[in-house]
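Asker:
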Amino acid sequence: MTASLLLWSLLRPVSASAQPANWFVDSLTEVTSGLAVLLPELQRAGPRSASWEVIPNLRQVEADTATLIARTRRGESYESVAAAYQNLDLRWRDASYRLRASGQLPSTAGVHVGRIDGVFRKIDRRLGLQPPIDRVRLRDLMIVTLTYMDAMFDDIRLSQGFSQQSEEWLVNGRVLRERLRQESYRIDGSEFDDIVASFTEFVVAWRAYAMGLHRLNDPHILRRLESIRRQGEEVFATLRIPAAMDQAELVVASRRLPTDLNQLADRVGAWGAERLTADQFRFRETCRSLAKQGEDLSAEISRSGVSSVAQSQFSQMDQTWRDGLRLMASVDPRSGVQPLLAQVNTSFRQIRDLLGGNSWRSQTELLALVASLDAHSEQFNSNLQRFQRLLEPAAYRDRLGVAAQNFQQTAKTLHRQVGETGDPQQASETTRLLVRQWNELTPLVNELSSRGLPATRTEWLLTPYRDLYPLVTQASTLLTR
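The following block contains the structure:
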């Protein structure tokens, strides 16, 4: 039974004149009452509080709740009420997460957020709604993160600035590592909201810990921190929630960027014009220019945070950097340029993700999209392989099998590219290939009903295929240029 039909059965009036079930309206009224108490508390915290930025989202939740109450009382189509509730549920999850992830939520406000969370959980349980969670993937992501942590602890021991304070960082880091390890064990038996709340608390603690490590300015440690941060982005994407902005990390990354660029320019100059092409040697001046622009960007971020001005400044720098990165890829590894290129690219990628307003959209949004595309294509191909031998003739069976495998492999490649490199040109080319393969796959799938499969098995194959259509369309819209 679908969620909309279940909601219909639970809310359907007993007679044409009866009101919808009181429990649903009463529960939504509890949400409204909770928001009426929560919003003034957040307003009293003032504009300097990170939770201030969530107030417009909460106002929208408040308005949507009131509208849904009115629609339910009028006895509107229960299918439309179901869709509206699920949208409201998602909007609240987003706002609730952002409040808790800010790390600045007053304790009394936290109580009210918890109560509203509880109301939504109560409604979800009664309607049989459960957010989709890929628990195996979540556990795998956490295990990989633990490995990155271990490698970073080794880097801390080997860093030139190792001291008594470094020993304290190791102790505190191991405490956080153990906390994440325990979370990975609890994934299977935990509810969605508990997973989100627990992971959010861990992220807040980790960010505070990582700030001290950033001050070491050790390139190996910085790369480990970036790898761990991106694993966190993957967790957010898997949970289908946006990653909360880390303002402090953005400020640190933007301040570090000009220094890294000047160091890179010095190394290019030291390697010498005679060992580089003319364009490669001119890249030294490009780095100097980017460093000056980076100082302006850092000042804007320190002053205004994530602003349209900062996003515009960075977008111009980012395109110049990407072009230069491709240009310098062939430089002799003995030059010492490559490690500095990697270091600067780490800073660019970090700022790109944290600003979230560049030309290729939010990294978390894209990760959620390509992860879903990868999973659905794998499911379709797996279902096809189970019944492929029943399809006739053999030539059709083979063409369909090859087309499905090619599509799945490209979807997997796109997921890896978005998650690891964040290069829009590369992802754009892969997406175009994916769309071409989709157009080759579609006419073959349309013939399934006439190729010897029973209707029930045909439908079993078509279900994941239909799920793929909006994902391919969205990927084409977001990633092709």
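Quick note: the sequence shown uses my numbering, first residue 112, plus one each step.
From the three backbone atoms N, C-alpha and C, an ideal C-beta is built for every residue, glycine too.
None of the values given here were measured: they were computed from a predicted structure.
1. With respect to the alpha helix (DSSP H) encompassing L327, which residues constitute its N-terminal and C-terminal limits?
2. First and last residue of the alpha helix (DSSP H) that includes L227?
3. Could you check if G145 is buried or exposed, using at least 16 other CB atoms within 10 Å of its CB as the buried criterion?
4. Can you list, in chain order, the residues of its chain with a C-beta nearer than 7 Å to that of W571? Leave out the 5 residues immediately preceding and following it.
5. Under a Cβ-count criterion, where at least 16 other Cβ atoms within 10 Å of its own Cβ denotes burial, should G229 be classed as buried or exposed?
6. If you drop the 5 nearest sequence neighbours on each side, which residues of the same chain put their C-beta closer than 6 Å to that of T574?
7. Would you please state the rounded distance, in angstroms, between the beta carbons of L421 and L408? I believe it to be under 8 Å.
8. Under 8 Å between the Cβ atoms of R341 and A262?
9. Does DSSP put W119 in a helix, in a strand, or in coil?
10. With respect to the alpha helix (DSSP H) encompassing R386, which residues constitute its N-terminal and C-terminal limits?
11. Any idea what DSSP makes of R568, helix, strand or coil?
12. Tell me the residue span of the alpha helix (DSSP H) that contains N283.
13. Taking only the alpha-carbon atoms, compute the straight-line gap between R577 and A194 and give it to the nearest angstrom.
14. Looking at C-alpha atoms only, which residue of S218, E279 and V481 is the closest neighbour of L153?
15. Would you mind reading off the limits of the alpha helix (DSSP H) that contains A421?
16. For L350, name the three-state secondary structure that DSSP assigns.
17. Is it buried or exposed for E558, if we count other Cβ within 10 angstroms and need 16 for buried?
18. Rounded to whole angstroms, what's the CA-CA distance from E396 to Q404? Just pull it up for me.
19. Got a sec, what are the start and stop residues for the alpha helix (DSSP H) G145 sits in?
20. Buried or exposed, going by whether 16 or more other CB atoms sit within 10 Å of the CB of S470?
21. At what residue ranges does the segment 162-205 contain a whole run of the alpha helix (DSSP H), taking only runs of 4 or more?
22. From E94 to S138, what does the alpha carbon distance come to, in whole angstroms?
23. Under 8 Å, do F459 and W432 count as touching if we go by C-beta distance?
24. Note down, in chain order, each residue of its chain lying with its Cβ closer than 7 Å to the Cβ of G346, except the 5 sequence neighbours on either side.
25. When the Cβ atoms of the segment 546-566 are set against those of the segment 510-517, are three or more pairs found closer than 8 Å?
26. To the nearest angstrom, report how far apart S162 and E551 are at their CA atoms.
27. Rounding to the nearest angstrom, what Cα-Cα distance links Q275 and R268 in this structure?
28. Out of S270, D304, T258 and D305, which one is the CA nearest neighbour of F287?
29. Less than 6 Å between C-beta atoms, sequence neighbours within five positions excluded: which residues of the same chain meet that for A364?
30. Helix or strand or just coil, what does DSSP make of R562?
31. For a test of the three-state rule: what should DSSP assign to V247, helix, strand or coil?
32. Can you give me the start and stop residues for the alpha helix (DSSP H) that V442 sits inside?
33. Closer than 7 Å by C-beta to L372: which residues in its own chain qualify, once you throw out the five before and the five after it? Chain order, please.
34. Please report the residue range of the alpha helix (DSSP H) in which E551 lies.
35. Spatial neighbours of L169 within its chain, please: C-beta separation below 8 Å, excluding the five flanking residues on both sides.
36. Around the Cβ of D265, are there at least 16 other Cβ atoms within 10 angstroms (buried) or fewer (exposed)?
Answerer: Considering the structure as presented:
1. Neither: L327 is in no alpha helix (DSSP H) and is coded neither H nor E.
2. The sequence shown places Ile at residue 227, not Leu. S218 to L238 is the extent of the alpha helix (DSSP H) around I227.
3. buried
4. N494
5. exposed
6. none
7. Reading off the sequence, residue 421 comes out as Ala, not Leu. That pair is a contact at about 6 Å.
8. no
9. Note that W119 scores a pLDDT of 44, beneath 50, so its modelled location is shaky and nothing firm can be said.
10. Premise fails: R386 is in no alpha helix (DSSP H) and is neither H nor E.
11. helix
12. That run of the alpha helix (DSSP H) goes Q275 to R297.
13. 19 Å
14. S218
15. Its alpha helix (DSSP H) spans residues S419 to L438.
16. Three-state DSSP puts L350 in coil, outside helix and strand.
17. exposed
18. 12 Å
19. N133 to A156
20. Caution is warranted here: a pLDDT of 35 is assigned to S470, below 50, making its placement in the model unreliable, and no coordinate value can be reported.
21. DSSP assignment within the segment 162-205 yields the following whole alpha helix (DSSP H) runs of 4 residues or more, N-terminal first: 166-184.
22. It is not possible to answer for residue 94, since the shown part of the chain is limited to 112 through 592.
23. yes
24. The question names Gly, yet the displayed sequence has Val at residue 346. The answer, listed in chain order, is L249, L252 and F310.
25. yes
26. 48 Å
27. 11 Å
28. Here residue 287 turns out to be Leu, not Phe, going by the sequence shown. Measuring from the Cα of L287, the nearest candidate turns out to be T258.
29. S458, Q461 and I462
30. coil
31. helix
32. Taken as a continuous stretch (DSSP letters only), V442 belongs to no alpha helix (DSSP H), as it is neither H nor E.
33. C398, L401, A402, G405 and V455
34. P535 to V556
35. L146, L149, L150, L153 and A206
36. exposed
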